[in-house]
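**Student:** My questions will all concern the structure given below.
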Amino acid sequence: MHSPVGEYLQQILSECAADDGAVADYIPELAAADPDHLAVALCTPDGTLYSAGDAERRFTIQSISKPFAYALALRDHGIDAVLEKVGVELSGDAFNEISLEERTGRPENPMINIGAITTHTLVGPADLDEDARTSRVIEGLGAFAGRELTVDEDVFASEMSEVWRNLALASLVRANGIISGSPEEAVRGYTRQCAALVDVRDLAVMGMTLARGGTNPLTGEQVVPEEVARQVLSVMTSCGMYDAAGDWLSAVGIPAKSGVAGGILGALPGQVGAGTFSPRLDRFGNSVRGVRVFERLSRDMNLHLMRIP
Ligand code: GLN
């Protein structure tokens, strides 16, 4: 544990400790989260893990599941077929907005809720039943993390008790003929996907799996083909941090995805997978201290997509 990298990570955490922002409160169970948790983990291409802070603390993956469900849909149906249903353009709207392309009626991208609910239904064969599809998604997330993941049933139930907005979004894509099954099933499956439990080390491994072109550094499993990993990293770069995507790309420069429980996952191709956890969010829905930790990592180690070689 007392490696120089571990000490460096600990140092960053203490320097990024000041916390403003507020925990997400639109999901009752998340409002009850302890806002003080703070953790970071890094994974190198050979699978070496470094971490500091509350690295064992588990939290729900929430929107960080979106790029991975997208990866599974791409693997199962190919990039072109998925593009017919979900675009790859920045929406410029909040994550739970009705962001549909006027001409096609398809969601703007897979990182906002309306696109992610659609993407969930695209994992596995079209005739899969709800439970089988949800299991396929959760097992797929686990293949990225290198271990079997479980679902936080309390967070799931809590989000389902207030799920009206996502249900409305699912009904719209059903009305547009973008999804074919029932909106209720799509939303239940998607909400379960969001309630999978992870820690920062899982996020770092999941990020590294994408950053290595789809092969998990711990298990050696090729979870998705390289072209799928590239597609997912591209969409994370443009849409992963919602409306803060431009700031994030210039200041941090690491393809990333955030979730409302307070996690952020980063994946820099060929170099590093990273995860942070701190529940208080900024107005875009991104973890305040997580963003700060990523800014430090990027600056200190020159981890930036646009690094001049
Ligand atoms: N489950 C959450 C929702 O659908 C995920 C949102 C997020 O993490 N930004 O609202």
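Sequence positions in the sequence shown follow the working numbering and run 140 to 448.
For glycine and all other residues, C-beta sits at the position ideal for the given N, C-alpha and C.
Every value quoted in this text rests on a predicted model; they were computed, and no experiment measured them.
Taking just the CA atoms, how far does PRO356 sit from GLY285?
**Tutor:** On the sequence shown, residue 285 is found 146 positions in, with the first residue counted as 1. On the sequence shown, residue 356 is found 217 positions in, with the first residue counted as 1. If you take the alpha carbons of GLY285 and PRO356, they lie about 8 Å apart.
**Student:** Of the residues GLN410, LEU442, GLN332, ASP382, which one's Cα is nearest the Cα of MET299?
**Tutor:** Along the sequence shown, one-based indexing puts residue 299 at 160. Closest by alpha carbon: GLN332.
**Student:** Measuring CB atoms only, is the region 175-192 touching the region 406-424, in the sense that at least three cross pairs come out at less than 8 Å?
**Tutor:** They touch, by the three-pair rule.
**Student:** Quick one: what's got a C-beta closer than 8 Å to ASP185's C-beta in the same chain, skipping five residues either side?
**Tutor:** Residue mapping note: residue 185 aligns to position 46 of the sequence shown, counting from 1. Here the set comprises PRO356.
**Student:** Provide the residue span of the beta strand (DSSP E) that contains ALA191, from first to last.
**Tutor:** Here residue 191 refers to the residue found at position 52 when the sequence shown is read from its first residue. Element bounds for ALA191: 188-192.
**Student:** In three-state terms, what does DSSP make of CYS155?
**Tutor:** Stepping through the sequence shown from its first residue, residue 155 is reached at position 16. Of the three classes helix, strand and coil, the one that applies to CYS155 here is coil, per DSSP.
**Student:** Taking the Cβ atom as the reference point for each residue, do GLY160 and ASP338 lie within a distance shorter than 7 Å?
**Tutor:** Locating residue 160 in the sequence shown gives position 21, where the first residue counts as 1. Locating residue 338 in the sequence shown gives position 199, where the first residue counts as 1. No, the pair does not count as a contact, with Cβ atoms beyond the cut-off.
**Student:** Please name the residue in MET440, GLY409, LEU404 whose C-alpha comes closest to that of VAL430.
**Tutor:** By one-based count along the sequence shown, residue 430 stands at place 291. Per the Cα distances, LEU404.
**Student:** DSSP three-state label for PHE433, please.
**Tutor:** In the sequence shown, counting from the first residue as 1, residue 433 sits at position 294. DSSP places PHE433 in helix when its eight states are reduced to three.
**Student:** Return the chain-ordered list of same chain residues with a C-beta closer than 6 Å to the C-beta of PRO206, the five sequence neighbours on each side being excluded.
**Tutor:** If you number the sequence shown from 1, residue 206 lands on position 67. Closer than 6 Å at Cβ, skipping near neighbours: VAL371, MET375, LYS396.
**Student:** Curious, which full-length alpha helix (DSSP H) runs of at least 4 residues does the region 204-231 contain?
**Tutor:** Segments of the alpha helix (DSSP H) lying fully in the region 204-231: 204-216, 218-222.
**Student:** Taking Cβ positions, are LEU213 and VAL221 nearer each other than 7 Å?
**Tutor:** Position 74 of the sequence shown holds residue 213. Position 82 of the sequence shown holds residue 221. Yes; because the gap between Cβ atoms is below 7 Å, this pair is in contact.
**Student:** Going by C-alpha distance, which of CYS378, GLY320, VAL411 is nearest GLU228?
**Tutor:** Locating residue 228 in the sequence shown gives position 89, counting from the first residue. Selected option, being the one with the closest Cα: CYS378.
**Student:** Kindly give me the distance between the Cβ atoms of ALA400 and LEU169, rounded to whole angstroms, as I take these residues to be in contact under 8 Å.
**Tutor:** As a position in the sequence shown, residue 400 is number 261, starting the count at 1. As a position in the sequence shown, residue 169 is number 30, starting the count at 1. Contact holds; Cβ gap of about 6 Å.
**Student:** Does any heavy atom of the ligand GLN sit closer than 6 Å to the C-beta of GLY441?
**Tutor:** Position 302 of the sequence shown, counting from 1, holds the residue named residue 441. In the sequence under discussion, the amino acid at residue 441 is Asn, which differs from the Gly named in the question. Flag unset: Cβ of ASN441 not near the ligand GLN.
**Student:** If you follow the alpha helix (DSSP H) that LEU349 is part of, which residue opens it and which one closes it?
**Tutor:** As a working mapping, residue 349 is identified with position 210 in the sequence shown. Where LEU349 is concerned, the enclosing alpha helix (DSSP H) stretches over 339-350.
**Student:** Pick helix, strand or coil for THR199, following the three-state DSSP scheme.
**Tutor:** For this step, residue 199 is matched to residue 60 along the sequence shown. Note: THR199 maps to strand in three-state DSSP.
**Student:** MET445: buried (16+ other C-beta within 10 angstroms of its C-beta) or exposed?
**Tutor:** Walking along the sequence shown from the start, residue 445 turns up at place 306. The residue in question, MET445, is exposed, as its Cβ has fewer than 16 Cβ neighbours within 10 Å.
**Student:** Please state if the CB of ALA334 and the CB of PRO322 are separated by a distance shorter than 7 Å.
**Tutor:** Along the sequence shown, read from residue 1 onward, the residue named residue 322 stands at position 183. Along the sequence shown, read from residue 1 onward, the residue named residue 334 stands at position 195. The answer is no: Cβ separation not under 7 Å.
**Student:** Alpha carbon to alpha carbon, how far is SER426 from GLY398?
**Tutor:** One-based indexing of the sequence shown puts residue 426 at position 287. One-based indexing of the sequence shown puts residue 398 at position 259. Answer to the nearest angstrom: the Cα atoms are 8 Å apart.
**Student:** Give me the residue from GLU360, SER297, GLU366, LEU239 with the minimum Cα distance to ARG313.
**Tutor:** For this step, residue 313 is matched to residue 174 along the sequence shown. Among GLU360, SER297, GLU366, LEU239, the Cα nearest to that of ARG313 is on LEU239.
**Student:** Check ILE403 in the structure and name its three-state DSSP category.
**Tutor:** What you label residue 403 is simply residue 264 of the sequence shown in a count that begins at 1. Reduced to three states, the DSSP call for ILE403 is strand.
**Student:** Among TYR209, VAL290, ALA255, GLY346, which has the Cα closest to the Cα of ASN305?
**Tutor:** Taking the sequence shown and counting its residues from 1, the one referred to as residue 305 is at position 166. If we check each option's Cα against that of ASN305, ALA255 comes out closest.
**Student:** Taking 6 Å as the cut-off, is the beta-carbon of VAL399 closer than that to any non-hydrogen atom of the ligand ATP?
**Tutor:** In terms of ligand content, the structure shown lacks the ligand ATP and carries the ligand GLN instead.
**Student:** Return the first residue and the last residue of the beta strand (DSSP E) that GLY412 is part of.
**Tutor:** Numbered from 1 along the sequence shown, position 273 holds the residue referred to as residue 412. GLY412 -> beta strand (DSSP E) spans 411-416.
**Student:** Since ARG197 and LEU336 should fall inside the 8 Å C-beta cutoff, what is the C-beta to C-beta distance between them, to a whole number of angstroms?
**Tutor:** If you number the sequence shown from 1, residue 197 lands on position 58. If you number the sequence shown from 1, residue 336 lands on position 197. Confirmed, Cβ separation roughly 4 Å.
**Student:** Looking at ALA343: is its Cβ nearer than 7 Å to the Cβ of GLY392?
**Tutor:** Walking along the sequence shown from the start, residue 343 turns up at place 204. Walking along the sequence shown from the start, residue 392 turns up at place 253. No, they are not a contact pair.
**Student:** Work out the CA separation of ASN315 and GLY346 for me, nearest whole Å.
**Tutor:** Here residue 346 refers to the residue found at position 207 when the sequence shown is read from its first residue. Here residue 315 refers to the residue found at position 176 when the sequence shown is read from its first residue. Cα-Cα distance, rounded: 33 Å.
**Student:** In whole angstroms, what is the alpha-carbon distance linking ALA172 and PRO448?
**Tutor:** Residue 172 sits at position 33 when you count from the first residue of the sequence shown. Residue 448 sits at position 309 when you count from the first residue of the sequence shown. If you take the alpha carbons of ALA172 and PRO448, they lie about 42 Å apart.
**Student:** Taking the straight line between their C-alpha atoms, what separation do you get for ALA156 and ILE318?
**Tutor:** The count along the sequence shown starts at 1 and reaches residue 156 at position 17. The count along the sequence shown starts at 1 and reaches residue 318 at position 179. Cα to Cα, ALA156 sits roughly 43 Å from ILE318.
**Student:** Using a Cβ-Cβ cut-off of 7 Å, state whether ASP386 counts as contacting chain B.
**Tutor:** Included in the structure is just one protein chain, with no chain B present.
**Student:** Can you name the start and end residues of the alpha helix (DSSP H) that SER238 belongs to?
**Tutor:** Your numbering for residue 238 matches position 99 in the sequence shown. Element bounds for SER238: n/a, residue is neither H nor E.
**Student:** Shortest alpha-carbon distance to PHE234 belongs to which of GLY244, ARG242, CYS182, PRO249?
**Tutor:** Along the sequence shown, read from residue 1 onward, the residue named residue 234 stands at position 95. Nearest option by C-alpha distance: PRO249.
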